[in-house]
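Read the structure below first, then the notes.
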Amino acid sequence: MESIFLLELMVILILSLLVLFVCNYLKIPLIIGYILSGVLVGPFVLGFVGSTQIIELVAEIGVIFLLFTIGIQYSLKSLFEAKKLVVLGGALQMVITTLCVMALALLFGTPANVAVFLGLLVSLSSTAIVMKVLQERGELESLHGKTTLSIMIFQDLMLIPLMFITPLL
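If you want the working numbering, it's the 1-based position in the sequence shown plus 27.
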(Lines of atoms letter the chains of each structure in order from A; the text may use other names.)
(Lines give C-alpha, C1' and ligand atoms only; values in the text may rest on other atoms or scores of the structure.)
Protein backbone atom coordinates (compact mmCIF):
# COMPACT_ATOMS: atom_id res chain seq x y z
CA MET A 28 0.00 0.00 0.00
CA GLU A 29 2.72 2.49 0.99
CA SER A 30 4.86 1.58 -2.02
CA ILE A 31 1.92 2.18 -4.38
CA PHE A 32 1.27 5.56 -2.75
CA LEU A 33 4.94 6.53 -3.05
CA LEU A 34 4.99 5.46 -6.70
CA GLU A 35 1.82 7.47 -7.41
CA LEU A 36 3.27 10.45 -5.57
CA MET A 37 6.49 10.22 -7.59
CA VAL A 38 4.55 10.08 -10.89
CA ILE A 39 2.43 13.05 -9.80
CA LEU A 40 5.47 15.12 -8.86
CA ILE A 41 7.44 14.32 -12.03
CA LEU A 42 4.51 14.93 -14.38
CA SER A 43 3.55 18.09 -12.47
CA LEU A 44 7.08 19.37 -12.77
CA LEU A 45 7.07 18.80 -16.54
CA VAL A 46 3.66 20.45 -16.96
CA LEU A 47 4.74 23.40 -14.80
CA PHE A 48 7.86 23.93 -16.93
CA VAL A 49 5.64 23.99 -20.02
CA CYS A 50 3.20 26.40 -18.35
CA ASN A 51 6.04 28.64 -17.26
CA TYR A 52 7.50 28.63 -20.78
CA LEU A 53 4.09 29.43 -22.33
CA LYS A 54 3.37 32.08 -19.64
CA ILE A 55 0.26 30.19 -18.48
CA PRO A 56 -0.69 30.52 -14.78
CA LEU A 57 0.71 27.66 -12.71
CA ILE A 58 -2.73 26.97 -11.22
CA ILE A 59 -3.82 25.76 -14.66
CA GLY A 60 -0.72 23.55 -14.75
CA TYR A 61 -1.62 22.00 -11.40
CA ILE A 62 -5.15 21.25 -12.59
CA LEU A 63 -3.88 19.90 -15.92
CA SER A 64 -1.45 17.61 -14.08
CA GLY A 65 -4.30 16.25 -11.98
CA VAL A 66 -6.41 15.60 -15.05
CA LEU A 67 -3.54 13.81 -16.79
CA VAL A 68 -2.53 11.47 -13.93
CA GLY A 69 -6.09 10.91 -12.70
CA PRO A 70 -8.17 7.81 -13.32
CA PHE A 71 -9.87 9.21 -16.44
CA VAL A 72 -6.87 9.99 -18.69
CA LEU A 73 -3.57 8.20 -18.00
CA GLY A 74 -4.83 6.35 -14.92
CA PHE A 75 -1.61 6.59 -12.89
CA VAL A 76 -3.65 7.38 -9.77
CA GLY A 77 -6.33 4.80 -9.16
CA SER A 78 -7.62 5.71 -5.71
CA THR A 79 -7.92 9.38 -4.91
CA GLN A 80 -8.55 8.99 -1.16
CA ILE A 81 -4.94 9.36 -0.04
CA ILE A 82 -4.27 12.10 -2.60
CA GLU A 83 -7.32 14.01 -1.32
CA LEU A 84 -6.01 13.74 2.25
CA VAL A 85 -2.60 15.06 1.19
CA ALA A 86 -4.35 17.84 -0.78
CA GLU A 87 -6.33 18.89 2.30
CA ILE A 88 -3.11 19.06 4.30
CA GLY A 89 -1.59 21.17 1.51
CA VAL A 90 -4.54 23.59 1.57
CA ILE A 91 -4.24 23.85 5.35
CA PHE A 92 -0.57 24.81 5.01
CA LEU A 93 -1.35 27.28 2.22
CA LEU A 94 -4.05 28.98 4.28
CA PHE A 95 -1.72 28.98 7.28
CA THR A 96 0.86 30.73 5.08
CA ILE A 97 -1.74 33.36 4.19
CA GLY A 98 -2.36 33.89 7.90
CA ILE A 99 1.36 34.30 8.59
CA GLN A 100 1.82 36.83 5.80
CA TYR A 101 -1.33 38.82 6.48
CA SER A 102 -1.75 41.12 9.45
CA LEU A 103 -5.07 41.96 11.05
CA LYS A 104 -3.90 45.58 11.03
CA SER A 105 -4.17 45.73 7.24
CA LEU A 106 -7.64 44.18 7.42
CA PHE A 107 -8.79 46.86 9.86
CA GLU A 108 -7.14 49.65 7.84
CA ALA A 109 -9.42 48.92 4.91
CA LYS A 110 -12.38 47.76 7.01
CA LYS A 111 -15.01 49.97 5.37
CA LEU A 112 -13.96 48.92 1.85
CA VAL A 113 -13.52 45.28 2.85
CA VAL A 114 -16.81 44.91 4.71
CA LEU A 115 -18.82 46.94 2.21
CA GLY A 116 -17.11 45.48 -0.87
CA GLY A 117 -17.09 41.92 0.45
CA ALA A 118 -20.70 42.01 1.62
CA LEU A 119 -21.88 43.73 -1.56
CA GLN A 120 -20.09 41.19 -3.76
CA MET A 121 -21.57 38.28 -1.79
CA VAL A 122 -25.11 39.70 -1.83
CA ILE A 123 -25.09 40.62 -5.54
CA THR A 124 -23.58 37.27 -6.57
CA THR A 125 -26.00 35.34 -4.35
CA LEU A 126 -29.02 37.21 -5.74
CA CYS A 127 -27.91 36.75 -9.37
CA VAL A 128 -27.29 33.02 -8.96
CA MET A 129 -30.55 32.62 -7.02
CA ALA A 130 -32.47 34.38 -9.80
CA LEU A 131 -30.90 32.13 -12.44
CA ALA A 132 -31.54 29.00 -10.40
CA LEU A 133 -35.17 29.97 -9.77
CA LEU A 134 -35.56 30.75 -13.46
CA PHE A 135 -34.59 27.14 -14.21
CA GLY A 136 -37.12 25.81 -11.70
CA THR A 137 -34.75 25.07 -8.84
CA PRO A 138 -36.44 24.96 -5.40
CA ALA A 139 -35.94 28.18 -3.39
CA ASN A 140 -33.84 26.59 -0.62
CA VAL A 141 -31.49 25.04 -3.20
CA ALA A 142 -31.32 28.36 -5.08
CA VAL A 143 -30.27 30.16 -1.88
CA PHE A 144 -27.63 27.50 -1.18
CA LEU A 145 -26.26 27.71 -4.74
CA GLY A 146 -26.17 31.51 -4.54
CA LEU A 147 -24.22 31.46 -1.29
CA LEU A 148 -21.91 28.76 -2.61
CA VAL A 149 -21.03 30.68 -5.77
CA SER A 150 -20.57 33.95 -3.86
CA LEU A 151 -17.51 32.57 -2.08
CA SER A 152 -14.09 32.56 -3.74
CA SER A 153 -11.01 30.47 -3.13
CA THR A 154 -8.57 32.51 -1.08
CA ALA A 155 -5.84 29.96 -1.69
CA ILE A 156 -6.11 30.10 -5.48
CA VAL A 157 -6.46 33.89 -5.68
CA MET A 158 -3.50 34.36 -3.34
CA LYS A 159 -1.37 32.00 -5.42
CA VAL A 160 -2.24 33.85 -8.64
CA LEU A 161 -1.52 37.25 -7.05
CA GLN A 162 1.76 35.88 -5.70
CA GLU A 163 2.75 34.51 -9.13
CA ARG A 164 2.07 37.86 -10.74
CA GLY A 165 3.97 39.73 -8.02
CA GLU A 166 0.84 41.68 -7.08
CA LEU A 167 0.34 40.46 -3.53
CA GLU A 168 1.75 43.66 -2.02
CA SER A 169 0.01 46.01 -4.48
CA LEU A 170 -3.05 48.02 -3.44
CA HIS A 171 -5.45 45.85 -5.44
CA GLY A 172 -3.70 42.71 -4.21
CA LYS A 173 -4.09 43.71 -0.57
CA THR A 174 -7.69 44.80 -1.15
CA THR A 175 -8.55 41.57 -2.94
CA LEU A 176 -6.95 39.46 -0.23
CA SER A 177 -8.76 41.46 2.47
CA ILE A 178 -12.10 40.84 0.77
CA MET A 179 -11.24 37.15 0.41
CA ILE A 180 -10.45 36.90 4.12
CA PHE A 181 -13.76 38.66 4.87
CA GLN A 182 -15.49 35.99 2.75
CA ASP A 183 -13.65 33.27 4.65
CA LEU A 184 -14.86 34.76 7.93
CA MET A 185 -18.42 34.96 6.57
CA LEU A 186 -18.23 31.24 5.88
CA ILE A 187 -18.55 30.54 9.62
CA PRO A 188 -22.11 31.92 10.01
CA LEU A 189 -23.03 30.45 6.61
CA MET A 190 -22.12 26.97 7.89
CA PHE A 191 -24.64 27.44 10.70
CA ILE A 192 -27.34 28.71 8.33
CA THR A 193 -26.91 25.98 5.69
CA PRO A 194 -28.68 23.17 7.63
CA LEU A 195 -31.71 25.45 8.02
CA LEU A 196 -32.20 25.72 4.25
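All C-beta atoms, glycine included, are put in the ideal place defined by N, C-alpha and C.
- Considering only 94, 81 and 113, the residue with the shortest C-alpha distance to residue 174 is 113.
- Counted as a single uninterrupted DSSP element, the alpha helix (DSSP H) harbouring residue 64 occupies residues 57–68.
- Around the beta-carbon of residue 150, 16 or more other beta-carbon atoms lie within 10 Å, marking it buried.
- In this structure, the beta-carbon distance from residue 35 to residue 76 falls below 8 Å.
- A distance below 7 Å between beta-carbons, with the five flanking residues on each side excluded, links residue 116 to the following residues of its chain, in chain order: 178.
- Annotation for residue 166: no alpha helix (DSSP H) segment contains it, and DSSP assigns it neither H nor E.
- Apart from the 5 residues on each side of it in sequence, residue 69 sits with its Cβ closer than 7 Å to the Cβ of 76 in its chain, given in chain order.
- When the beta-carbon positions are compared, residue 184 and residue 172 stay at least 8 Å from each other.
- With contacts defined as CB atoms closer than 8 Å, residue 64 and residue 88 fail to qualify as a contacting pair.
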